[in-house]
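In full-length UniProt numbering, the protein residues as written are 1 to 542.
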């Protein structure tokens, strides 16, 4: 993400010749000036900007596991991190004097409009204050007029009224400077008066909306897009009610269109799903945690099993943490820096790889858009599922191209079809892959790789039917079974070799489903073996 941020900033600088502004250092003074006296306008030029800045926030749920309201810890961490990133003073001034950005009328490219009303009020108050001070000074020090108490009263009243307006504004800024959004939310969560009301979440959301508007203001000031990336970890070691609370807080923050938040939810679904099913948040979803996750997550990324090279890298990284081997780390850093200085061909090859990836992605999307292609009729009717497919295809193709050294790399059309298959029938595909893996481990015949995946599924569909009770929640995720048959048997007859090639790059399929199926299948085989009659020739004499 940081590399993408640097590349976009460089490209935008070449396009617009405008350097992004920073609110740090001397940039704080123009920021306060714009906050006080100007209204931001979202123009067409701003919408065309491609440069982006990510604000990374890490939230470890384990740190807040002891509190009653874990979701409040998520929101307070968000507020506190944004305040720390931009500074307390700009955010406090925005609370008092800031204006929410609005869209430009017509094709105007003017990003800032003077607050005429604010300027008139300020100048009016300063003029009245000056007039009141002048009257008071004349009444106090000019001979012959000092004895007129009426002038003193008028001067004091005018000065007090005009000065109190300025003092009230300064007091509001000072109050927001001392009392952060985090403290406001903590005060709300500690109050029984608010927690017992239905509108409690709306009060918390109002605080978040101020942050969202402030981020929109800062986008125009800094001349770049801002995205807040929250990495949520350790959620699978918390209590079920708290897990559901954090996911509900995520949905609340993402409920508005064009919100600047990106959530990276690093969890184990096999732990999270039972937690969700134990809580009361599943009402109306048939007590199915998988359905809840599918409606929450827009880009699923299930990390495949670690390959041989990854295991070796992991081992090397573990070995390098030894203090007596720190010399090797220093040596590798020097070699990496030397390769970077001489790495012009590497940059060129990376650009060629990016161009090839873009070509493959466009080809895959053309297949989805082509009404004559059989793949188009398997697209889901749900908008959320379509977004998941569109988000997953580029990731899958880039991973395939990363492995392009292996023979028989699938085509972009086949990759798009595989993504659709994993999204529409995760249970049946997981069962076929599990049966394929078990058969492959039993030293199959040389022509086993050319077998159709549909035939492997047909041979073992009886076992899946016997396990339909423990797999009922997972089976409910699948689409039309007849379409699954026509998909694999007629339109896209993937072979066992194709399935093994795709398995390492399948990120939109929850691999915990397949692991659960493998466990249930192994237990079923053990039960069959225990129930089978034992031959007398091998019975124990005792």
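For glycine and all other residues, C-beta sits at the position ideal for the given N, C-alpha and C.
Please read all numbers here as calculations on a predicted model, not as lab measurements.
- Spanning the alpha carbons of residue 252 and residue 74 requires a straight line of approximately 12 Å.
- Taking C-beta atoms under 8 Å as the contact rule, residue 272 and residue 235 qualify, at a distance of about 7 Å.
- The straight-line gap separating the alpha-carbon atoms of residue 224 and residue 9 is approximately 8 Å.
- In this structure, DSSP gives residue 261 an extended state, which the three-state scheme calls strand.
- Going by C-alpha positions, residue 247 is about 10 Å away from residue 297.
- Looking at the DSSP output, residue 39 shares a beta bridge with 113.
- Between the alpha carbons of residue 304 and residue 415 lies a distance of about 16 Å.
- The beta carbon of residue 494 sits closer than 6 Å to those of 453, all from its chain and outside the five residues before and after it, given in chain order.
- In the structure shown, residue 238 adopts coil according to DSSP, grouped into three states.
- In this structure, residue 364 places its C-beta atom within 8 Å of the C-beta atom of residue 413.
- For residue 2, the uninterrupted alpha helix (DSSP H) segment begins and ends at 2–16.
- For residue 512, same chain residues with a beta-carbon under 6 Å away, outside a window of 5 residues either side, are 269, 270 in chain order.
- The segment 453–471 makes contact with the segment 479–498: 3 or more CB pairs, one atom from each, lie closer than 8 Å.
- The three-state reading of DSSP puts residue 205 in helix, counting H, G and I together.
- It is roughly 46 Å from the alpha-carbon of residue 169 to the alpha-carbon of residue 237.
- The Cβ atoms of residue 112 and residue 30 do not sit closer than 8 Å to each other.
- Remark: C-beta atoms of residue 421 and residue 487 approach each other more closely than 8 Å.
- When the Cα atoms are used, residue 411 and residue 250 turn out to be separated by approximately 37 Å.
- At least 8 Å separates the beta-carbon of residue 159 from that of residue 122.
- Assigned with DSSP and collapsed to three states, residue 430 falls in helix.
- For the pair residue 254 and residue 55, the CB atoms are not nearer than the 8 Å cut-off.
- For residue 60, the enclosing beta strand (DSSP E) has its first and last residue at 52–60.
- One Cα belongs to residue 115, the other to residue 11, and the distance between them is close to 33 Å.
- Residue 452 is bridged by DSSP to 495.
- CA-CA distance, residue 88 to residue 519, rounds to 53 Å.
- DSSP places residue 514 in the uninterrupted alpha helix (DSSP H) bounded by 511–531.
- Residue 367 sits away from residue 401, with the two beta carbons spaced by 8 Å or more.
- In the DSSP assignment, residue 420 falls within the alpha helix (DSSP H) that extends over 412–424.
- With respect to the C-alpha of residue 183, the residue from 485, 349, 80 having the closest C-alpha is 80.
- Under DSSP, residue 231 takes part in a beta bridge, and its partners are 58, 264.
- When DSSP states are grouped into helix, strand and coil, residue 502 belongs to the helix group.
- By the Cβ neighbour-count rule, residue 48 is exposed, with fewer than 16 other Cβ atoms within 10 Å of its own.
- By the C-beta density criterion, residue 384 is exposed, having fewer than 16 other C-beta atoms within 10 angstroms.
- In terms of CA proximity to residue 52, 13 leads the group 59, 63, 13.
- Counting other Cβ atoms within 10 Å of its Cβ, residue 531 stays below 16 and is therefore classed as exposed.
- When the beta-carbon positions are compared, residue 491 and residue 374 come within less than 8 Å of each other.
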